[in-house]
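Notes to accompany the following structure.
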Amino acid sequence: MNSYLPPLTWLRAFEASARTLSFTHAASELHITQAAVSKHVKSLEHHLRHLLFIRRPRGLELTKSGAAYLPKVQDAMERLAIGTREVFGQRRTSSLTVRCAISFAVNWLAQRLPEYLERYPGKNIRLLSSVWNDGFDTQDFDLDIQYGTGHWPGFNSHRLTWETITPLCAPDLPRRNPLTSPQDLLHHRLLHVLGYHEGWGIWLKAAGAQEVDAGSGLHLDTSLTAFELAAACAGVALGRSSLAGHALASGRLIAPFPLAVPIDEAFHLIQPAGSSRHPDAPLFVEWLLSAVQKSESTHNHAS
Numbered sequence: 001m002n003s004y005l006p007p008l009t010w011l012r013a014f015e016a017s018a019r020t021l022s023f024t025h026a027a028s029e030l031h032i033t034q035a036a037v038s039k040h041v042k043s044l045e046h047h048l049r050h051l052l053f054i055r056r057p058r059g060l061e062l063t064k065s066g067a068a069y070l071p072k073v074q075d076a077m078e079r080l081a082i083g084t085r086e087v088f089g090q091r092r093t094s095s096l097t098v099r100c101a102i103s104f105a106v107n108w109l110a111q112r113l114p115e116y117l118e119r120y121p122g123k124n125i126r127l128l129s130s131v132w133n134d135g136f137d138t139q140d141f142d143l144d145i146q147y148g149t150g151h152w153p154g155f156n157s158h159r160l161t162w163e164t165i166t167p168l169c170a171p172d173l174p175r176r177n178p179l180t181s182p183q184d185l186l187h188h189r190l191l192h193v194l195g196y197h198e199g200w201g202i203w204l205k206a207a208g209a210q211e212v213d214a215g216s217g218l219h220l221d222t223s224l225t226a227f228e229l230a231a232a233c234a235g236v237a238l239g240r241s242s243l244a245g246h247a248l249a250s251g252r253l254i255a256p257f258p259l260a261v262p263i264d265e266a267f268h269l270i271q272p273a274g275s276s277r278h279p280d281a282p283l284f285v286e287w288l289l290s291a292v293q294k295s296e297s298t299h300n301h302a303s
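Under this note's numbering, the sequence shown has 191 at position 191, and the numbering climbs by one with no breaks.
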């Protein structure tokens, strides 16, 4: 940090004193003593090596340096206040804060969220992405979408997906290196996503290809990265049905084998049980579960 930057307490004391031209009024506004305000201002003057006020018997008068410095300080404090409000301010009374696993946010939620925003134009949302299933912090989030088995003690959970897993690769990959049977995966790099307990081992066993080393290959922290590498012919990803639809529909990835293996893990919407909730939370939950039902109905009809 810049050692020339004065402490914020000194700057607040200066700004309030300069605006009111009174240490007494500044002290009342800042809820500290008049002596503390005077000391902060003196410390600031000593730090800057310039007098900021002319102390007169009936009040204060800004020096030329003080008058030139005041708008700079006020502008900096306003910028800090705006930034603080943008990140933290009035979250509980305005925007509904939803944390979401980044792969689900990009591959599933982003395609459906515009419907919610159009249906409820006055409802604001803060959507924060996560990679790992960190603990739920009721001070930071109203709702959370995580991947797992659905068991989170102290929380209510709603299942959002019913997953199957199947290998995915670039359309050109089988032409470069055959993928006519699961055993051919012996000659391909497997792409793994950390944090998923049900993975290549389950699919290879169902496919009768246990001779393929289920732990070999490249380990990544998101499905997004795995899909990008697969699209670049850098390996074969194991796609979850809720995340792979867009890449398959666009033709960037293909499923070289028809076998899709059901798994128990899924994405869930979780919220604290029995705690105060954001007033928009029930509306969002209702919409999200409706979107899930519509998505499952469409998928089943297509199947």
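All C-beta atoms, glycine included, are put in the ideal place defined by N, C-alpha and C.
- No Cβ-Cβ contact shorter than 8 angstroms links valine 193 with leucine 218.
- Rounded to whole angstroms, the gap between the alpha carbons of valine 212 and leucine 204 is 7 angstroms.
- According to the DSSP assignment, proline 153 belongs to no alpha helix (DSSP H), since it is labelled neither H nor E.
- In this structure, alanine 209 and leucine 179 do not form a Cβ contact; the two beta carbons are roughly 12 angstroms apart against a cut-off of 8 angstroms.
- Annotation for alanine 13: Val37, His40 and Val41 place their beta carbon closer than 6 angstroms to its own, counting only its chain and skipping 5 residues before and after.
- Two segments are said to touch when three or more pairs of C-beta atoms, one from each, lie closer than 8 angstroms; by this definition the segment 257-276 touches the segment 153-163.
- Closest by C-alpha distance to alanine 231, out of Cys169, Leu289, His47 and Arg240, is Cys169.
- Note on the segment 24-95: whole alpha helix (DSSP H) runs with a minimum of 4 residues are 34-48 and 64-87, in chain order.
- Glycine 251 and valine 106 have their C-alpha atoms roughly 17 angstroms apart.
- Under the three-pair Cβ rule at 8 angstroms, the segment 144-154 counts as touching the segment 99-118.
- Remark: fewer than three beta-carbon pairs, one from each stretch, lie closer than 8 angstroms, so the segment 117-132 and the segment 234-242 are not flagged as touching.
- Taking 8 angstroms as the upper bound for CB-CB distance, proline 272 and glycine 150 are not in contact here, some 16 angstroms apart.
- Under the three-state reduction of DSSP, glycine 239 is assigned to strand.
- In the displayed model, valine 212 falls within coil according to three-state DSSP, outside both helix and strand.
- Under the criterion of beta carbons closer than 8 angstroms, threonine 164 and alanine 260 qualify as touching, at roughly 4 angstroms.
- The Cβ atoms of proline 167 and proline 256 sit closer than 8 angstroms to each other.
- The alpha-carbon of serine 295 is positioned some 55 angstroms away from that of leucine 11.
- Nearest in C-alpha terms to proline 182, of all of Gly122, Gly274 and Ala207, is Ala207.
- Among the bridge pairs identified by DSSP, arginine 159 is matched with His268.
- Rounded to the nearest angstrom, the Cβ distance from arginine 126 to serine 95 is 4 angstroms, consistent with a contact under 8 angstroms.
- Excluding its 5 nearest sequence neighbours in each direction, phenylalanine 23 has C-beta neighbours in its own chain below 6 angstroms: Ser17, Gln34, Val37 and Ser38, listed in chain order.
- Within the same chain, Cβ atoms closer than 6 angstroms to the Cβ of glutamate 61 are found at Ile54, the five residues on either side in sequence being excluded.
- Counting C-beta atoms within 10 angstroms of its own C-beta, isoleucine 270 has 16 or more neighbours from the protein chains shown and is therefore classed as buried.
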